[in-house]
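Comments concern the structure below.
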DNA sequence: CCGCTGATAATCT
DNA sequence: GATTATCAGCGGA
């Protein structure tokens, strides 16, 4: 993916990532769900400015921000290149490559739940703090362009307590691999 | 399908 | 010491 792919407003980048392929060491699938976070957004980790944890959010676009949540899961974000402190949370994938590897890591077979959530996706792709700050343009990552413009559904973000009314969650319309359904 | 509960630790106040 | 961008397992419908 060219570097200027990331240099657009974070809501646009969130939509542009839907349908793209995301692989880590050849294992992964198609991004079907994302959420946008940005500086000045009370729900964003970047809201209070740079810290040790969120420094990747203020780094170059096209790199990743990985953090631990609830003491046990990892979450993967794509950092935006248009403004500092903005990133896209990768919430769900449609598994396409390395199904057996992902099933073994997740200790489950059902493809529908393999990557249906940010924590589940990181476990399936074996993404950890070791990846924090790395570029998507180099191994072990691969980000593939989408074959066609997908139809996208929109809704409020999940699991947050602030700025809950912003419709900054995006999904591939009709996908069976979402973390949760979108409201009608 | 849906909602509830407990697990578990880094981060920040 | 409170909060947290979550998940598996369970029970009910």
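In the numbering used here, the protein residues as written are 163 to 346. Note that the Cβ used here is the ideal one computed from N, Cα and C, for glycine as well.
- In terms of CA proximity to residue 201, 250 leads the group 284, 250, 280.
- The shortest C-alpha to C-alpha distance from residue 227 to any of 242, 218, 197 is the one to 218.
- Three or more beta-carbon pairs drawn from the segment 185 to 199 and the segment 253 to 271 are found closer than 8 Å, and the two stretches are therefore classed as touching.
- In chain order, 254, 339, 340, 341 place their CB closer than 7 Å to the CB of residue 278, counting only its own chain and leaving out the 5 sequence neighbours on each side.
- Under the three-state reduction of DSSP, residue 227 is assigned to strand.
- Contact check for residue 194 and residue 256: beta-carbon distance about 5 Å, within the 8 Å limit, so the pair qualifies.
- In this structure, the beta-carbon distance from residue 181 to residue 312 falls below 8 Å.
- Inside the segment 169 to 215, DSSP marks whole beta strand (DSSP E) runs of 3 or more residues at positions 183 to 186, 189 to 199, from first to last along the chain.
- At least 8 Å separates the beta-carbon of residue 290 from that of residue 330.
- Within 10 angstroms of the beta-carbon of residue 198 lie 16 or more other beta-carbons, which makes it buried.
- For the pair of segments examined, the segment 205 to 218 was found not to touch the segment 169 to 177: the number of CB pairs separated by less than 8 Å stays below three.
- Here residue 296 is not bridged, per DSSP, to any residue.
- DSSP places residue 280 inside the alpha helix (DSSP H), whose first and last residues are 280 to 287.
- When only Cα atoms are considered, residue 345 and residue 299 end up about 34 Å apart.
- If you ignore the 5 residues before and after residue 301, its C-beta comes within less than 8 Å of the C-beta of 187, all in its own chain and listed in chain order.
- Partner residues in the beta bridge of residue 236, as assigned by DSSP, are 230.
- Contact annotation: residue 325 and residue 205 have beta-carbon atoms nearer than 8 Å.
- Around residue 310, the same chain offers 181 as residues with beta carbons nearer than 8 Å, after the five sequence neighbours per side are excluded.
- As a beta-bridge residue in DSSP terms, residue 254 pairs with 195, 278.
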